[in-house]
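Peer 1: Dumping the structure here so I can ask a few things about it.
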Amino acid sequence: SNVDSAVIAIPYYVNNKPVGSIGLFGPLRMPYRTLFSMLRQFSDQISKGLTDSLYKFKITLRQPKAEAIDLKLR
1 SNVDSAVIAI PYYVNNKPVG SIGLFGPLRM PYRTLFSMLR QFSDQISKGL
51 TDSLYKFKIT LRQPKAEAID LKLR
């Protein structure tokens, strides 16, 4: 069937480094301006909360090494 849908996503950060993204899946006709604004605010809050927690609880952020990810199909 022919389904018209869209995904919008925006990154969130820890110490100004992108570490993930938040997305929405919905119909092709959505109020994009409103949704991007909401996602941006949500991303800002998550980014601030994660960064603040990193310092408050003395957590070390480690990114996975690219060679450690095995994408081979078995």
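Residue 41 in this note's numbering is what sits at position 41 of the sequence shown, and the numbering runs on without skipping anything. The C-beta atom is built at its ideal place from N, Cα and C for all residues, glycine as well.
For residue 27 and residue 7, what's the separation of their Cα atoms in angstroms?
Peer 2: Approximately 9 angstroms between the Cα atoms of the pair.
Peer 1: Assuming residue 24 contacts residue 39 (C-beta within less than 8 angstroms), just tell me the rounded distance between them.
Peer 2: That pair is a contact at about 7 angstroms.
Peer 1: Please classify residue 3: is it buried, with 16 or more other beta-carbons within 10 angstroms of its beta-carbon, or exposed?
Peer 2: Flag for residue 3 reads exposed.
Peer 1: Express the C-alpha separation of residue 19 and residue 56 in angstroms, rounding to a whole number.
Peer 2: Cα to Cα, residue 56 sits roughly 19 angstroms from residue 19.
Peer 1: In chain order, what residues of the same chain have a beta carbon less than 7 angstroms from the beta carbon of residue 30, not counting five sequence neighbours either side?
Peer 2: So the list reads 6, once near-sequence residues are dropped.
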